[in-house]
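The block underneath contains the structure these notes are about, expressed in structure tokens.
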Ligand code: DLL
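Numbering (the working numbering), first residue to last: 113 to 546.
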């Protein structure tokens, strides 16, 4: 554990710390950011109205379009001379959303990232290969600063050039791999094909996140690569990676609650939901000075788990992200999350974890087609085997979703591989609308 004093602190002390920091952050946002002041004024609220943690629920939400409307630096609470770094991610229009960090915020980030990387017991003896993209994306530099903070040897290779990733992993003795789960799969595939013996790698753990993946995909990567794979979560608007990460119990992601307060809300009504109930995740940062956010609606759907964790950490856990309230597909009136389809596909043998979901509209009727790669041996096998598999996938997806889908089995390597976040869904209905 990187910071046992904080990571195992009593809930009571944690709540006390949260309240003090929340009050400071609300005052900072009100004083320094005209947008927050206006929202507070409209709601008839003053920073002093936050007297307990329950008062958080009275504050207005912040949404992605607020960031767009104040592009690029309008929501910064510190002058540019105090901002030492900016990062950005895609917005709802052509312009990205931009966030800024003071020197202190970078230190906070390196702290929460050290906790994240420490989840797999990383020490200064480890060699950490950072294969997340470096640049405006927060993945590369986030993991980089965290690993350096621990004192591990960092290999800042960034994403791409998969053969070279494997060569350096072997030559440098990388023990921890950091990248998106879809890229981890791609690396695994190239590694298995290379015929390089597993013993020549020292790899023991992977920190995979930045996109949704399933437990089934975890097992697949773990078995093929013979490592522990944990899920790490974060978003640019809050800080980047380092918001929440799984410990080796692999039963939910601990949220760094001394820096970020989570809430789950009903995405329709905005009402706060209790632990155990799925809804939209909302975050309030309570230590950031450059870019504080109050009640930021992530659009990610998950639930909070407040039961104690076997690892001894006291910070609350969130379940794996189940989907997004905005990229949930509605097919013939039925809500469909790509993760539901992924889980079915990965539970079936002879299929590879590479798939694509294609949504279209034929004569006003939505169609859902799932492309899935099958194993080489099966593809060479007789047609009957393929037909049986197609039917099985069709039936299982239908029983989970309650709607029928068209299944298309494709040859290995047909679906484009990703070196960053994978694109799993093509919704042609959007193209029609434009
Ligand atoms: O993806 C930060 C990050 C980098 C997280 C590296 C983990 C590792 P953004 O590009 O702003 O930031 O995208 C944030 O990605 O709201 C989720 O929808 C999704 N996401 C991130 N982590 C996970 C995860 C980074 N573990 C958006 N599971 C978030 C599912 C994830 N979705």
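Just so you know, even glycine gets a beta-carbon here, dropped at the ideal spot from N, CA and C.
Item	Value
Select from 522, 526, 255, 239 the residue whose C-alpha is nearest the C-alpha of residue 357.	255
Check for me: the alpha helix (DSSP H) holding residue 374 runs from which residue to which?	That residue, residue 374, is in no alpha helix (DSSP H); its beta strand (DSSP E) goes 372-377.
Select from 214, 157, 162, 146 the residue whose C-alpha is nearest the C-alpha of residue 181.	146
Can you tell me the Cα-Cα spacing of residue 348 and residue 438, whole angstroms?	17 angstroms
Roughly how many angstroms separate the alpha carbons of residue 452 and residue 435, rounded to a whole number?	9 angstroms
Take residue 173 and list the residues in its own chain whose beta-carbon comes closer than 6 angstroms to its own, dropping the five residues that flank it on each side.	407, 409
Can you grab the Cα-Cα spacing for the pair residue 329 / residue 141, in whole Å?	40 angstroms
At a Cβ threshold of 9 angstroms, is residue 359 touching chain D?	Checking the listed chains, one finds no chain D in this structure; it contains a single protein chain.
Please name the residue or residues paired with residue 197 in a DSSP beta bridge.	213
Look at the Cβ atom of residue 379, then the Cβ atom of residue 339, and state whether they are nearer than 9 angstroms.	no
Can you tell me the Cα-Cα spacing of residue 276 and residue 422, whole angstroms?	38 angstroms
Report the start-end ranges of each beta strand (DSSP E) in the region 366-454 that is 3 residues or longer and not cut off at the edges.	372-377, 391-397, 408-414, 441-443, 446-448
Taking 8 angstroms as the cut-off, is the C-beta of residue 343 nearer than that to any heavy atom in the ligand FMN?	Absence of the ligand FMN from the depicted structure is noted, with the ligand DLL being the only ligands included.
Can you tell me the Cα-Cα spacing of residue 546 and residue 540, whole angstroms?	Because the pLDDT of residue 546 is 37, which lies under 50, any placement of that residue in the model is unreliable, and the number read from its coordinates should be weighed accordingly. If I take the Cα positions, the gap works out to 10 angstroms.
Around the Cβ of residue 292, are there at least 16 other Cβ atoms within 10 angstroms (buried) or fewer (exposed)?	buried
Just checking my contact of residue 264 with residue 232 at CB under 8 angstroms: how many whole Å lie between their CB atoms?	In fact, because the Cβ distance is near 11 angstroms, the residues do not count as touching under 8 angstroms.
With a CB to CB cut of under 7 angstroms and the five nearest residues on each side skipped, what residues in its chain are close to residue 193?	none
Quick one: using the 10 Å Cβ neighbour count with 16 as the cut-off for buried, is residue 283 buried or exposed?	exposed
Spell out a yes or no on whether the region 522-534 and the region 472-480 are touching, meaning 3 or more CB-CB pairs, one atom from each, closer than 8 angstroms.	no
Can you grab the Cα-Cα spacing for the pair residue 124 / residue 116, in whole Å?	16 angstroms
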